[in-house]
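A.B. asks: Protein chains in written order, with the working numbering: chain A, -15 to 189; chain B, 47 to 144.
Glycine included, every Cβ here is placed at the ideal spot set by N, Cα and C.
Note that the coordinates shown come from a computational prediction; the quantities given were computed from them, not determined experimentally.
Encoded as C-alpha cells, here's the structure I'll be asking about.
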C-alpha cells in the first residue's frame, strides 16, 4: 500500500534529510567559532541555535555541492553581528606597535622556527592557547581561526569577511605574528623564556 | 606593484600564500618573483618559517570543545518541529488544491 502522505512530502523529507546530512555535522565547528567570537558558553549556545534555525529556514538557498560549512559560518556571522556586536561600544583596536616590537624581540632571541615549538610554546597550557586566540583583535582572530583551524580557502574567508583576498593574506600574517607575541608573553609569565629574552613587550591585556 | 623589486614589508603581505599554499589572485610570474624574494632574504625566509610553525603549532595544540548535548538536542528538536510544521502546511495546501 502506498503511503500517500509520505509520497506527497518527499521533497520536504529530502530537504530535511539533506539538512541533517550536510549541516548538522558542522555543529561542533560552529559552536567553537561561536565560543571564540562571543567569549562565553551561553551566548555561543544561543548563536548556534539561531544559526541552525536560520539555516534550516533558508536551506533552499544553499547551493548543493558547495561548502556547507562556509555557508553556515556566513549565517552565523550575520547572526553574530545582529545579536552581539551591536552591544560592543567600541571595535577592537589593533596595536601594530606591539606586533613590531615582538618582531624585534623574537628576531633577536630565537634562531629558527624549531625553537618556537620545541623550546618555548610546547609547555603552554591549552587555556593559554585559547586565551591567546581570543585576545586577538576580531579582524585577525577571524581569519586565523577560519584558515588555521577551519581550513577555509582564501576565497571563502574573503567572502566571509567581505574583504579582498589580499587583505585576508595580509591579516593572516599579522594575526599569526600577533598570536606568537601573545604566546611568547604567556611563556614569559610562566618562566619558560630564558633571561636574555625575558624583556618581552608589554601585552595590551 | 613590481614583484621583482619588493622590500621585506611588501613581501610580508604575501607570505601567508606560501604558508597556506593558496595562491588565489596571484599570477605564476608573481609567485616565482615572491619565491625568489623570500629565498634571497634571510629575514623573509625566517618570517615564513615562523608563520608555518605558528600554523602547525596551532593545529597541533588546538582542542575542539564539543558542542553541549542539550544544545544539539535543542537544535535537532527545533529543526524537526519546523519540518513537521512545513509538512503539515504542505499537506493542507495539497488537499485544499484537490
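Using a 10 Å radius around the Cβ and a threshold of 16 neighbouring Cβ atoms, would you call residue 62/B buried or exposed?
C.D. replies: buried
A.B. asks: For the stretch 78 to 144 of chain B, list the alpha helix (DSSP H) runs that are entirely contained and at least 4 residues long, ordered along the chain.
C.D. replies: 88 to 107, 115 to 143
A.B. asks: How would you label residue 135/A, buried or exposed, when you count the other beta carbons within 10 angstroms and need 16 or more for buried?
C.D. replies: exposed
A.B. asks: In whole angstroms, what separates the C-alpha of residue 6/A from that of residue 31/A?
C.D. replies: Near 19 Å, if we compare the C-alpha coordinates of residue 31/A and residue 6/A.
A.B. asks: Using 9 Å as the limit for Cβ to Cβ distance, is residue 82/B near chain A?
C.D. replies: no
A.B. asks: Would residue 124/B count as contacting chain A if we go by Cβ distances under 9 Å?
C.D. replies: Yes, its Cβ sits closer than 9 Å to a Cβ of chain A.
A.B. asks: Could you pull out every residue in the same chain whose Cβ sits closer than 6 Å to the Cβ of residue 46/A, ignoring the five residues on either side in sequence?
C.D. replies: 55
A.B. asks: Whose C-alpha, out of 54/B, 112/B, 78/B, is nearest the C-alpha of residue 157/A?
C.D. replies: 54/B
A.B. asks: Kindly indicate the opening and closing residues of the alpha helix (DSSP H) around residue 170/A.
C.D. replies: Counted as a single uninterrupted DSSP element, the alpha helix (DSSP H) harbouring residue 170/A occupies residues 149 to 173.
A.B. asks: Locate the alpha helix (DSSP H) running through residue 44/A, then write down its first and last residues.
C.D. replies: Note, residue 44/A: premise wrong, no alpha helix (DSSP H); not H, not E.
A.B. asks: Got a sec? Which residues, its chain only, sit under 6 Å from residue 174/A by beta carbon, not counting five neighbours each side?
C.D. replies: For residue 174/A, where only same-chain residues beyond five positions count, there are no Cβ hits under 6 Å.
A.B. asks: For residue 35/A, name the three-state secondary structure that DSSP assigns.
C.D. replies: helix
A.B. asks: If residue 133/B sits next to residue -4/A, beta carbons under 8 Å apart, how far is it from one beta carbon to the other, in whole angstroms?
C.D. replies: With 8 Å as the limit, residue 133/B and residue -4/A qualify as a contact, their Cβ atoms being about 5 Å apart.
A.B. asks: Does the stretch 13 to 32 of chain A touch the stretch 122 to 139 of chain A, meaning 3 or more C-beta pairs lie closer than 8 Å?
C.D. replies: yes
A.B. asks: For residue 131/A versus residue 70/B, is the C-beta spacing smaller than 9 Å?
C.D. replies: no
A.B. asks: Starting from residue 64/A and walking both ways along the alpha helix (DSSP H), at which residues does that stretch end?
C.D. replies: 52 to 67
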